[in-house]
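A.B. asks:
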Amino acid sequence: LLADYLGIVIPLGISAAATSLMCLVSAKEAGDPYPVRESLIVDGIGTCIASFFGSPFGTVLYIGHPAYKRSGAKVGYSLVNGVIYLICSWFGILALIQSIVNPATIGPIVFFVGLQVNEEALNFLPNRHYSAYIIGLFPSVYDWVTNIANRAPLLSEDGSYDTNSTGASSWVGVLAWKRGALLVSLLWTSMVVNILDRQWRGAAIWAIVSSLFAIFGIIHVPEAGFDNFTTPFWEQCSGPDQCWDFAEQWMFAVAYLMLAGYFIIIFLSAKAGADLDEPIDDESRHAFDDWFKDAYMYKDEHGNMVDSRNPTGTLAEADDKLKDPDTTDPPVTPADKVDEAAEEAAEEAAA
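So in the working numbering, spot 246 of the sequence shown is number 240, and the numbers just go up one at a time.
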């Protein structure tokens, strides 16, 4: 039973962890660094607890921290959100709202959240990685077309757009990217990023990891396991004795291994002194090396760099306070306020 859902469980788990990391990075870019290890552990525990109540999605870390911060939201924002959703779900208010609100109105809300997520991703990406970002969108687009739209993305051989049409070879490639879409997106994006940065060893590693997922049928094929490792799946058969002469599962694994071999050849050629461009190794590849370095710095709405510990002052003032703690202003006590009032009263009387 578990094998039937590995193609969903594993990609969902990996993509959830990657999404949590993205949330932490976006919060860091906004000037609020949170410890990675503790955040992921708490997120995992919260997701496990939520799963007992029927939710497979992470409910602890979620996207949008920079937007919430710009709006002035703090810890109470998330707390109030949770309380409101709890009350609405307990008393059936969500079902009432769903029965009143036109389902079509939910689309713009989801669309807005999607735009927000993509905006944050593009803000933190180097320009050279935009092509990898676009490629990473396609598996989910194909998944939406075939699942939500309930139609094949291309015309089948029988003249229809039936997703269950067998023997149709015109859109098998689309279905291959659709299956395990979240994991396929993660693997391909990571591999293409390393290719763009000419990090051939990293690209080879991602290609080998992709081949392992393909071997076990977690990506690209309808079912995980080895039942159809060398035999065609049902969709590759238009009749009892009219199946393809080859299977896909082992071919995907071999294709990824061929890519890995190609990347290794380029890597070894560069090591041997071949006339190749140097790998790109800038700060974008070392985001997790020193997580708290300059983590409190962020750009405000005017594009100015601001220290979140001293948002109203200058960067120089923030640096001075860090270098010399004695220069920080002492806290004002009630006694100080009384003394200031007495001094002001004495000055007025003298005047």
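From the three backbone atoms N, C-alpha and C, an ideal C-beta is built for every residue, glycine too.
Assuming T225 is part of the alpha helix (DSSP H), what are its boundary residues?
C.D. replies: Note, T225: premise wrong, no alpha helix (DSSP H); not H, not E.
A.B. asks: Scan the region -3 to 80 and note each continuous alpha helix (DSSP H) run of 4 residues or more that stays entirely inside, going in chain order.
C.D. replies: 0 to 23, 30 to 45, 59 to 64
A.B. asks: Kindly indicate which three-state DSSP category I199 falls into: helix, strand or coil?
C.D. replies: helix
A.B. asks: R279 to E217, Cα distance in whole Å?
C.D. replies: 35 Å
A.B. asks: Residues in the same chain with beta-carbon distance under 8 Å from I91, minus the five sequence neighbours each way, listed in chain order, please.
C.D. replies: Within the same chain, and ignoring the five residues on either side of I91 in sequence, the residues whose Cβ sits closer than 8 Å to its Cβ are C82.
A.B. asks: Would DSSP call F210 helix, strand or coil?
C.D. replies: Coil, per DSSP.
A.B. asks: So for N96, helix, strand or coil by DSSP?
C.D. replies: coil
A.B. asks: Could you say which of G58, W200, G174, I4 lies nearest to N112 if we only look at CA atoms?
C.D. replies: G58
A.B. asks: Does W138 pass the burial test, meaning 16 or more other C-beta atoms within 10 Å, or should it be called exposed?
C.D. replies: Exposed is the call here.
A.B. asks: Output the distance between the C-alpha atoms of M252 and G130, rounded to the nearest integer angstrom.
C.D. replies: 21 Å
A.B. asks: Using 10 angstroms around the beta-carbon of G70, count the other beta-carbons present and answer buried if the total reaches 16, otherwise exposed.
C.D. replies: exposed
A.B. asks: What three-state label does DSSP hand A312 in the structure shown?
C.D. replies: Summary for A312: the model assigns pLDDT 47, below 50, so the residue's position carries little reliability; its value from the coordinates is reported in the next sentence. It is helical.
A.B. asks: Classify Q243 as helix, strand or coil using the three-state DSSP reduction.
C.D. replies: helix
A.B. asks: Give me the Cα-Cα distance between I258 and S72, rounded to the nearest whole angstrom.
C.D. replies: 47 Å
A.B. asks: Would you say T140 faces chain D, with C-beta separation under 8 Å as the test?
C.D. replies: Among the protein chains of the structure shown there is no chain D, as only one such chain exists.
A.B. asks: Counting along the chain, where does the alpha helix (DSSP H) carrying V168 start and finish?
C.D. replies: 166 to 172
A.B. asks: Assuming contact is defined by CB atoms lying nearer than 8 Å, are S184 and F118 in contact in what I supplied?
C.D. replies: Taking 8 Å as the Cβ cut-off, S184 and F118 do not qualify as a contacting pair.
A.B. asks: Which whole-angstrom value describes the C-beta separation of G174 and P27, a residue pair presumed to lie in contact below a C-beta threshold of 8 Å?
C.D. replies: Incorrect: roughly 32 Å between the Cβ atoms, too far for contact.
A.B. asks: Here's the rule I'm using: 16 or more other beta-carbon atoms within 10 Å means buried, otherwise exposed. How should N188 be labelled?
C.D. replies: Classification of N188: buried, given that the 10 Å Cβ count is 16 or more.
A.B. asks: How big is the Cα-Cα spacing for L181 and A208?
C.D. replies: 11 Å
A.B. asks: Since L177 and S9 should fall inside the 8 Å C-beta cutoff, what is the C-beta to C-beta distance between them, to a whole number of angstroms?
C.D. replies: Yes, they are in contact, since the Cβ atoms of L177 and S9 sit about 7 Å apart, within 8 Å.
A.B. asks: Looking at C-alpha atoms only, which residue of A24, F210, I35, A249 is the closest neighbour of D301?
C.D. replies: A24
A.B. asks: What are the boundary residues of the alpha helix (DSSP H) that includes L119?
C.D. replies: Taken as a continuous stretch (DSSP letters only), L119 belongs to no alpha helix (DSSP H), as it is neither H nor E.
A.B. asks: Give the secondary structure of A329 by DSSP, where H, G and I count as helix, E and B as strand, and everything else as coil.
C.D. replies: At A329, the pLDDT of 47 sits below 50, so the modelled position is not reliable; the number obtained from the coordinates is stated separately. Secondary structure at A329: helix, using DSSP grouped into helix, strand and coil.
A.B. asks: So the candidates are I43, I35, P50, L55; which of them puts its Cα closest to the Cα of G7?
C.D. replies: Closest option to G7, Cα to Cα, is P50.
A.B. asks: Express the C-alpha separation of S14 and F106 in angstroms, rounding to a whole number.
C.D. replies: 20 Å
A.B. asks: For W194, count neighbouring C-beta atoms within 10 Å of its own C-beta (all shown protein chains included) and say buried if the count is 16 or more, exposed if not.
C.D. replies: With 16 or more Cβ atoms within 10 Å of its Cβ, W194 is classed as buried.
A.B. asks: Verify whether the separation of the beta carbon atoms of F246 and H214 is less than 8 Å.
C.D. replies: yes
A.B. asks: Using beta-carbon positions only, say whether W171 and P133 come within less than 8 Å of one another.
C.D. replies: yes
A.B. asks: Using a Cβ-Cβ cutoff of less than 6 Å, which residues in the same chain neighbour R122 once the five nearest sequence positions on both sides are dropped?
C.D. replies: L190
A.B. asks: K317: buried (16+ other C-beta within 10 angstroms of its C-beta) or exposed?
C.D. replies: At K317, the pLDDT of 49 sits below 50, so the modelled position is not reliable and the matter cannot be decided from this model.
A.B. asks: Return the CA-CA distance between D269 and V54, expressed in angstroms with no decimal places.
C.D. replies: 49 Å
A.B. asks: Residues in the same chain with beta-carbon distance under 7 Å from L88, minus the five sequence neighbours each way, listed in chain order, please.
C.D. replies: C82
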